[in-house]
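To keep things clear, I will list the structure first and then write my remarks on it.
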Amino acid sequence: MGEVEQRATTGSRLGVQENAGISTLEYGQKLPSTPTGKLISIKVQMLDDTQETFEIPQRAPGKILLDAVCNHLNLVEGDYFGLEFLDHKKVMIWLDLLKPIIKQIKRPKHVILKFVVKFFPPDHAQLQEELTRYLFALQVKQDLAQGRLTCNDTSAALLISHIVQSEIGDFDDTIDHEHLAKNKYIPQQEALEDKIMEFHHNHIGQTPAESDFQLLEIARRLEMYGIRLHPAKDREGTKINLGVAHTGILVFQGYTKINAFNWSKVRKLSFKRKRFLIKLRPDVNSNFQDTLEFLMANRDLCKAFWKICVEHHAFFRLFEEPKPKPKPVLFTRGSSFRFSGRTQKQVLDYVKEGGHKKVQFERKHSKIHSVRSLTPKSTEQLSVVPKQSCSFTYGDGADSLVVQSCQQGKELNISVEDGGPHATPSLKKSPKEGQGIDGTTMATMEEEEEVVKDRSQLSRSQRQQPSTGPASRATHGSSTSIPFIDCSDVDSEYDLLRGQMSQ
Numbered sequence: 001m002g003e004v005e006q007r008a009t010t011g012s013r014l015g016v017q018e019n020a021g022i023s024t025l026e027y028g029q030k031l032p033s034t035p036t037g038k039l040i041s042i043k044v045q046m047l048d049d050t051q052e053t054f055e056i057p058q059r060a061p062g063k064i065l066l067d068a069v070c071n072h073l074n075l076v077e078g079d080y081f082g083l084e085f086l087d088h089k090k091v092m093i094w095l096d097l098l099k100p101i102i103k104q105i106k107r108p109k110h111v112i113l114k115f116v117v118k119f120f121p122p123d124h125a126q127l128q129e130e131l132t133r134y135l136f137a138l139q140v141k142q143d144l145a146q147g148r149l150t151c152n153d154t155s156a157a158l159l160i161s162h163i164v165q166s167e168i169g170d171f172d173d174t175i176d177h178e179h180l181a182k183n184k185y186i187p188q189q190e191a192l193e194d195k196i197m198e199f200h201h202n203h204i205g206q207t208p209a210e211s212d213f214q215l216l217e218i219a220r221r222l223e224m225y226g227i228r229l230h231p232a233k234d235r236e237g238t239k240i241n242l243g244v245a246h247t248g249i250l251v252f253q254g255y256t257k258i259n260a261f262n263w264s265k266v267r268k269l270s271f272k273r274k275r276f277l278i279k280l281r282p283d284v285n286s287n288f289q290d291t292l293e294f295l296m297a298n299r300d301l302c303k304a305f306w307k308i309c310v311e312h313h314a315f316f317r318l319f320e321e322p323k324p325k326p327k328p329v330l331f332t333r334g335s336s337f338r339f340s341g342r343t344q345k346q347v348l349d350y351v352k353e354g355g356h357k358k359v360q361f362e363r364k365h366s367k368i369h370s371v372r373s374l375t376p377k378s379t380e381q382l383s384v385v386p387k388q389s390c391s392f393t394y395g396d397g398a399d400s401l402v403v404q405s406c407q408q409g410k411e412l413n414i415s416v417e418d419g420g421p422h423a424t425p426s427l428k429k430s431p432k433e434g435q436g437i438d439g440t441t442m443a444t445m446e447e448e449e450e451v452v453k454d455r456s457q458l459s460r461s462q463r464q465q466p467s468t469g470p471a472s473r474a475t476h477g478s479s480t481s482i483p484f485i486d487c488s489d490v491d492s493e494y495d496l497l498r499g500q501m502s503q
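The C-terminal residue of the sequence shown carries number 503 in the UniProt record's numbering, and the numbering is unbroken.
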């Protein structure tokens, strides 16, 4: 991607000018200074497969490193991204932005962190900058190559044709053959080359930015877009896979989604050793038990999945970052993990208010300098891509979307809440005074369970904001009611209900 001019200093906020007023700290607090002391070199693999080395104070939290990477790229919408690495137990985990790096990575010289997309929004039109969409396109390209983004041959060929258009420009028979021979986008690509070239011929005149836009338009409709599978078993011992998305928690058998639990239906998430627990809101029309239990391979994998669920809920469902809980007087048990960073709404508001600047960046293959914040034009040549409005709001939606089936290649009319034949029905409520955006509680139970009830109190003006479709809401509970808690958990419960997440 190349170096950029006017490189921002380490620790500044994702390309934001100093003292721009954008911070995830509590009101009245000052920005923390970058820790001083001995520097350590940390290697980061970018989405274009290049490696960069960053000099970071060894006591610095993970946020300093992520900010340094985003500043290196001049990336404003860096909150959609994260850094992942293999820990000493060979478990792929996300770098915690609040903990010191040296406590998470024991031997930083021997570890390469990966800069990847962490949060996939439901509509790529929510990504305001060309650079951000380019990085998302690189993530789609990577997921295709690794077999993570599964789809039928036609969809795969169409996706690759947009990647090729972005990398080498307009169709040329000789150049296309040479390029596809040197670059393998998916396993067994040879069988699809004719179809790829046929699609590529239809993209003449399409700019790299337009190619990225169309690529994401197709990819976001695939069932496995942005999904990472976490192996588990249900209570009967059946092998399944769990995933998390902007809508909630998903259940797969193989690569087929068999169920979905939207955030609006979830009352509490917790884990106890290697058991992952989902406590649902009461629903007389549902055949589900009050609490669902899934067994994972070990505690570390279970906790890692719980943490990414907490982060997805906070990023997509809350209006602002959860405030830190006060330190206990004596001691506490259980996980103290919380989401750190701007929520999606905060990122969108900041970019819309002009918190960005036009900066050129270089694409790896095409060597075409692109200017950020240019919205790609729609192309009439790609009528195969269903048209949708780019407008959106917040919350879980039940809007009907046209989704292309990966297995059958047919167009199906599916609700975004569709979780298969056994999905729980939507629950609706009228928001009450002081009620959280969905009242979902994220908790961890270990030897003695610490439960965190995640509530955001909204003002009247905020509650009047429309949602992405008829958002599901629960009919039970209020801002002052205490949810049902098993008696064995009461003594170790920690309540964030009182003002911790109020606006």
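C-beta: ideal position from N, C-alpha, C; glycine also.
Note that the stretch 191 to 199 does not touch the stretch 105 to 123; fewer than 3 beta-carbon pairs, one per stretch, sit closer than 8 Å.
The shortest C-alpha to C-alpha distance from Ile258 to any of Gly248, Ile240, Leu269 and Phe271 is the one to Ile240. Arg267 carries a strand assignment under DSSP once its states are collapsed to helix, strand and coil. Restricted to the stretch 94 to 125, the beta strand (DSSP E) segments that are unbroken, complete and at least 3 residues in length are 112 to 117, listed in chain order. By the Cβ-count criterion, His88 is exposed, with fewer than 16 other Cβ atoms from all chains shown falling within 10 Å of its own Cβ.
Excluding five sequence positions before and after Gln165, the CB atoms of its chain that fall closer than 7 Å to its own CB belong to His200, His203, Gln206 and Ser211, given in chain order.
The three-state secondary structure of Met197, taken from DSSP, is helix. For Gln51, same chain residues with a beta-carbon under 8 Å away, outside a window of 5 residues either side, are Lys43, Val44, Gln45 and Ile112 in chain order. In the three-state DSSP reduction, Thr291 falls in the strand class (E or B).
Assigned with DSSP and collapsed to three states, Ile186 falls in coil, not helix or strand. With a cutoff of 9 Å on beta-carbon distance, Lys141 and Gly82 are scored as not near each other. In its chain, beyond the 5 residues on either side, Ser211, Gln214 and Leu215 have a beta carbon closer than 6 Å to the beta carbon of His162. As a beta-bridge residue in DSSP terms, His230 pairs with Leu242. Ile258: member of the beta strand (DSSP E) spanning Thr256 to Asn262, first to last residue.
Rounded to the nearest whole angstrom, the C-alpha separation of Lys268 and Glu362 is 44 Å.
Within the same chain, and ignoring the five residues on either side of Trp94 in sequence, the residues whose Cβ sits closer than 6 Å to its Cβ are Gly82 and Glu84. Per DSSP, reduced to three states, the secondary structure at Arg221 is coil, with no helix or strand assignment.
Just measuring C-alpha positions, the residue of Phe276, Glu311, Cys309 and Asp283 sitting nearest Ala297 is Phe276. Here Leu73 has no same chain residue with a Cβ atom under 6 Å from its own Cβ, once five neighbours each way along the sequence are excluded. Under the three-state reduction of DSSP output, Val76 falls in the coil class, being neither helix nor strand. Three or more Cβ pairs closer than 8 Å define a contact, and the stretch 225 to 238 falls short of that threshold against the stretch 172 to 189. Separation of Ala145 and Lys90 (C-alpha to C-alpha, rounded to the nearest whole angstrom) is 22 Å.
If you draw a straight line from the Cα of Arg220 to the Cα of His124, it is about 8 Å long. Under the 10 Å beta carbon count, Met92 is surrounded by fewer than 16 other beta carbons and is classified as exposed.
DSSP places Ile249 within a strand segment (E or B) once states are collapsed to three. Cβ-Cβ distances below 6 Å link Thr132 to Glu77 in the same chain, with the five nearest sequence neighbours on each side left out; the list follows chain order. The Cβ atoms of Ile218 and Leu159 lie closer than 9 Å to each other.
Per DSSP, the unbroken beta strand (DSSP E) holding Arg275 starts and ends at Arg275 to Leu280. Boundaries for Lys303: no beta strand (DSSP E) harbours it, while the alpha helix (DSSP H) harbouring it runs Arg299 to Arg317, taken from the DSSP string.
The Cβ-Cβ distance between Arg235 and Glu293 falls below 9 Å. Residues Leu229, Ile240, Asn241, Gly243 and Ile258 of the same chain have their beta carbon placed closer than 7 Å to that of Phe252, with the five preceding and five following residues left out of the count. C-alpha of Leu222 to C-alpha of Trp263: approximately 21 Å in a straight line. The secondary-structure analysis by DSSP pairs Ser41 across a beta bridge with Glu55. Burial is judged here by how many other beta carbons sit within 10 angstroms of a residue's own beta carbon; Asp176 has at least 16 and is buried. For Leu131, the enclosing alpha helix (DSSP H) starts and ends at Glu130 to Ala145.
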